[in-house]
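Read in order, the letters of the sequence shown correspond to residues 254 to 1181 in the working numbering. Since the structure comes first, as structure tokens, the remarks are kept for the end.
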Amino acid sequence: MKWVRQFFGLQVRSSFRQYASSVILFGLTLFLVTSVLPGISYPVESLHISGDKVEGRWQREQGRIAQTDKSLQLRDTSNRLKSQTPNAKIANSPTPLEQGIAAFEAGRLAEAVQLWQQAAQDYEAKSDRLNQALSLSYLSLAYQNLGQVQEAEQAINQSLDLLQHQNNWGSGGLAILGQALNTQGRLQLTKGQAEAALDTWKQATDAYTRAGDETGKLGSQINQAQALQTLGLYRRAQTLLKQANQQLQAQPDSLLKVQGLQSLGIALQELGDLKTSQTLLTQSLAIAQTLNPTPDTSAILLSLGNVARDLQEDDKALDYYQKAAKNATDSLIQIKAQLNQLSLLINTEQEDAAIALLPQIQVRLATLSPSRAAVYAQVNLADSLIRMASDVETCHGTSGCQGVGLTDNLTPETDNPGSAKALTTNGAIAQLLAKAIQQARQIQDAKAESYALGELGKLYEQQQQLAEAQKLTQQALSLVQGINAGDIAYLWEWQLGRILQKQGNTQDAVAAYTVAVETLRSLRSDLIALPNLQFYFRERVEPVYRQLVGLLLKSDPSQKNLQKAREVIESLQLAELDNFFRNTCIQAQPQQIDQVDPTAAVIYPIILPDRLAVILSLPGQPLRHYETQLPETEVNNAFIQLRKFLNPVLSDKQRLRFSQDIYDWLIRPIEVELADSEIKTLVFILDGALRNLPMAALYDGEQYLIEKYSIAVSPGLQLLEPRALDRERLQALIGGLSEERQGFSALPGVELELSKIADKVPSEMLFNQEFTTTTLKQEISAVSFPVVHLATHGQFSSEVEDTFILTWEGQVNVNDLDQLLQVREREDSQPIELLVLSACQTATGDQRAALGLAGVAVRSGARSTLATLWSVRDQSTAQLMAEFYQSLTQSENSKAESLRQAQLSILKNPEYEHPYYWAPFVLVGNWL
């Protein structure tokens, strides 16, 4: 693409000034296709498409729909294009280019393809390269939305090849180039080529800048941010969007500013920065309400509702949805708001209000012409109704469930077909989906047809009509296998696996689940762009992995199945970290435990709905499997109770009971094998709420586990970089806070802790006022410290924005740790061998909080991280750390063994023998 860079040196010629306006009409101003809802997020479009981003694979499952920003939508498209085109001969009637735009906006994608193909041919006959290139660029985008990647690539390559040979450039030509580059970048990102997409969108930004088009420039900057996020460069993505925001804030209040703030707010939502997103959307709404005339604000209200929902501000979200539906001048916006409202009412168990809303939705649906958006809306409604039935099934027999939900009959009710009750029958849902299928076929949209067929299969699955459910699901799957639609395919592969399992066909069910997991792996970069990602992950991604493991471990699993189950567990751990960070920067390299440490055993517990399963990996031996048949709720309750009773003021008897129960589940069945194999270290790949528990405190009735073994935990051996600590170059950068800061209490023992460490190993100390982010960064830059010890408040949470460590002047978020510690950017230095965080804690009430600890361990770049599950504000921490470093200086001791010796020294002290004082210290990562 050298020619693209070279042409920016050319002067914009005034003869093309008028042409710019006709391009701005559709190629620039309308890049702001906004998606606020679950759905694999695509970059900001170079077209403004009604409903194009209602990617039902996600919003259908969570019951939420993306909105098209009607306040940005083109008005009187044809008339404006006619009045601004330089070709008078085509100004009096709609051209194929215009007709394609109208078809695309209406969601009739196959029709748009045909029209744009005709437009490209017409312009080629007239030797009008610019309009031919524009038509081909639009054609590529239509193909992309249909999942036809090869055709899309061919069209955009033809478009750019035409532009390459363009000699005269005006702002209109530059605008077309920017639009074409945006389309190419979208295709590259879809194909997983994030770096290429980033470079292409930078070129698009340059083109729009030269064209003097701030709107196009903003769109391509937002697209760049998406590529950066996909590459794991979260901080750079945020910086870019911050710069775009600063540019917008400097502009006077106008419709353009309203549009830009809204688009930027949605982009930040997709990055997971929900508070800033909410702020910008609120500002967009406020400015819009001051303009004269006041633009339609329903799309902004819908965006605000979706962000409020992501923030779990349900009452706010419902209010925004109601206002959006009330204010909407477009029936599509209105129905999207009502469908989101319905979904939230169902989730919050407001059944009466949900039922009352149904007739209004039915009326609105009847007004929609056949389009992708109309099909998705019908499927969305069907999914909400199916979920209502599913909720009722879980409470049969209770008075509160009477009269709500679906009848078992798949025949539509005829007595009063317009009533709310009639709309909730299975027959009515089947009829709704049949209509959606018919419309999808009418507009020749395979993706939309697949959604509707798959949802109908889900309805039959729920009604235990499995043969028909299987047939429909296979039809839905076959429709998307020929297009680039793995996001849909995995849903139907998963559904097919469930159906086959219910039919007792375990072998084929495993095969279907396996394909679904493989598809999910291929979607890593797509999944991380979902708003409300954590909820979606727990509900629609994590179960696929767990259910597959459950099938693989059924009955007496073979070694092949055990190995596969272990791989799936490792993949789930990796997927959870992707979900936590909202990027896919983590690179996995499988490690053989025998090669890492011949005296270590790896234990994989996994929590399944009906049992706690465990896989044991011993060096040089076949995998071992054992399990405890207990419901998931009972297992998780034991974990929660043990964590609760680790408080020293509570009952020792209860603590020991729960501790021994969990020991019996995880360790007692393998005591003999561990002893016979002369195992010294236990490495746990922990699952779910188990991550919040210190394995060291498990009790066999006589001894704690730490009294018998060194212990480490890992997010997965795929993430392990095995390497022993070099004692000869052992030196530490130590820092911390003893004073109260930013609402966090004082840590009086920190000064003693740091001084004791300094006595054991050569150290550079940063204490209180010296312990700032800037100073810390400077010290690490100056010297390659193998050990960094931070004695300061910190919190681990399942939410990345709530995972941080405290410095004198602020907080360092987990996403900024790699920059602070400068591990990845310093090629001339050794990575940190050991990061110690000695005063952190997991967020209260967050059962997945220890995921933040794993996140810190990975994000820091350190090979090992020693951290605390809760903060022990006592002299015992200073003593434990002194013992740890004393042991660490001895070459025969691994990090895990050094920690064990330190914990035992505290345990043997009668004043600190309770696990509260010594158990929270957890070694994550490389234990050597």
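Idealized CB from N, CA, C, for every residue including glycine.
Near residue i, what residues of its chain come up, given a Cβ to Cβ distance below 6 Å and the 5 sequence neighbours on each side ignored?
i       : result
Phe937  : Ile856, Met948, Val966
Ser331  : Low local confidence applies: a pLDDT of 35 at Ser331 is under 50, so the model's placement there is unreliable, and no value is given.
Gln882  : Arg864
Ala581  : Ser551, Gln587
Lys576  : Leu554
Ala1107 : Pro968
Leu1087 : Val1040, Ser1117
Ser530  : Gly518, Leu521, Gln522, Val560
Leu383  : Gly426, Ile429
Ala449  : Gln441
Leu389  : Ala373, Ala408, Gln411, Ser412
Gly941  : Ile860
Asp685  : The amino acid occupying residue 685 in the given sequence is Leu; Asp does not appear at that position. Hits under 6 Å: Gln631, Ala635.
For residue i, which residues of its own chain have a beta-carbon under 7 Å away from its beta-carbon, when the five flanking residues on both sides are left out?
i       : result
Gly710  : Ala722, Leu725, Thr726, Ala729, Gln748
Ser393  : Ala405, Ala408, Ile409, Ser412, Thr436, Leu440
Arg1079 : In this prediction, Arg1079 has a pLDDT of 47, which is less than 50 and means its spatial position is unreliable; what the coordinates show is noted afterwards. Closer than 7 Å at the Cβ level, and outside the excluded window around Arg1079, lies no residue.
Lys1127 : A small correction: the amino acid at residue 1127 is Asp; Lys does not occupy that position in the sequence shown. Correct list, in chain order: Gly1002, Tyr1170.
Tyr1138 : Ile1010, Lys1013, Val1014
Ala508  : This sequence places Leu at residue 508; Ala is not what is there. Excluding residues within five positions, the ones whose Cβ falls inside 7 Å are Leu544, Pro548.
Gln375  : Checking the sequence shown, residue 375 turns out to be Asp, not Gln. Once the five neighbours on either side are set aside, the close Cβ partners of Asp375 are Pro349.
Leu939  : Pro858, Val966
Asn571  : Asn is not the amino acid found at residue 571; the sequence shown has Leu there. Excluding positions up to five away in sequence, the list reads Gln594, Leu597.
Gln371  : Pro349
Ser473  : Gly431, Asn435, Trp454, Ala457, Thr458, Tyr461
Ala356  : Glu364, Ala365, Leu368
Ser584  : Arg617, Thr620, Leu621
Thr501  : First, the amino acid is wrong: residue 501 is Leu here, not Thr. Counting only Cβ-Cβ distances below 7 Å, and skipping sequence neighbours, we find Lys510, Gly513, Leu514, Leu517.
Gln401  : Ile736
Ser537  : Val511, Leu514, Gln515, Gly518, Ile553
Ser904  : Phe898
What does DSSP give as the partner residues of residue i in its beta bridges?
i       : result
Ile856  : Leu869, Phe937
His418  : Note: His418 sits in no beta bridge, so no partner.
Gln1022 : Beta-bridge pairing links Gln1022 to no other residue.
Gln204  : Because the chain in this structure spans residues 254 to 1181, residue 204 falls outside the shown range and cannot be described.
Thr1191 : Residue 1191 is absent from the model: the chain starts at 254 and stops at 1181.
Phe833  : In DSSP, Phe833 forms no bridge with anything.
Arg994  : Phe997
Leu986  : Glu1017, Val1041
Ser963  : Thr934
Gln1064 : Leu1059
Tyr957  : Tyr952
Leu1088 : Val1041, Thr1118
CB-CB under 8 Å to residue i, same chain, minus the five flanking residues each way: which ones, in chain order?
i       : result
Gln907  : Gln894, Phe898
Ile915  : Ala891, Phe892, Leu895, Leu946, Leu951
Gln1156 : Ala949, Ile959, Leu1133, Trp1171, Ala1172, Phe1174
Ala341  : Residue confidence is low: Ala341 scores 35 on pLDDT, short of 50, so the model does not pin down where it sits. Its coordinate-derived value is still stated next. Cβ within range, chain order: n/a, list empty.
Arg751  : Glu714, Ala762, Gln800
Assuming residue i contacts residue j under a Cβ cut-off of 8 Å, what Cβ separation, rounded to an integer in Å, is found between them?
i       : j       : result
Ser824  : Arg774  : 6 Å
Gln517  : Ala490  : Looking at the sequence itself, residue 517 is Leu, so the reference to Gln does not match. At roughly 12 Å, the Cβ-Cβ gap does not stay under 8 Å, so Leu517 and Ala490 are not in contact.
Arg1116 : Asn1179 : 4 Å
Val1195 : Glu746  : Coverage of the chain is limited to positions 254 through 1181, which leaves residue 1195 absent and any answer about it impossible.
Ala607  : Leu595  : 6 Å
Leu1029 : Thr1060 : 7 Å
Leu719  : Lys755  : 6 Å
Thr1142 : Trp1123 : No, Thr1142 and Trp1123 are not in contact; Cβ-Cβ is about 28 Å, not under 8 Å.
Asp761  : Leu753  : 5 Å
**Message:** My parser needs the alpha helix (DSSP H) runs of 4 or more residues fully inside the region 690-752; what are they?
**Reply:** 699-715, 719-733
**Asked** What are the complete alpha helix (DSSP H) segments, minimum 4 residues, inside the region 616-647?
**Response** 625-646
**Prompt:** If we count Cβ pairs, one from each stretch, closer than 8 Å, do we get three or more for the region 996-1010 versus the region 1117-1133?
**Reply:** yes
**Cβ contact (3+ pairs, closer than 8 Å) linking the region 924-935 and the region 974-983** = no
**Asked** Can you list, in chain order, the stretches of the beta strand (DSSP E) that have 3 or more residues and sit fully within the region 860-914?
**Response** 864-870, 877-881
**Request:** Any chance you could list the alpha helix (DSSP H) runs of at least 4 consecutive residues sitting entirely within the region 346-422, in chain order?
**Result:** 349-358, 362-378, 382-398, 402-417
**Request:** Determine contact between the region 367-381 and the region 698-710, defined as no fewer than three beta-carbon pairs at a distance below 8 Å.
**Result:** no
**Message:** Going residue by residue through the region 465-522, where are the continuous beta strand (DSSP E) segments of at least 3 residues, counting only ones entirely within it?
**Reply:** none
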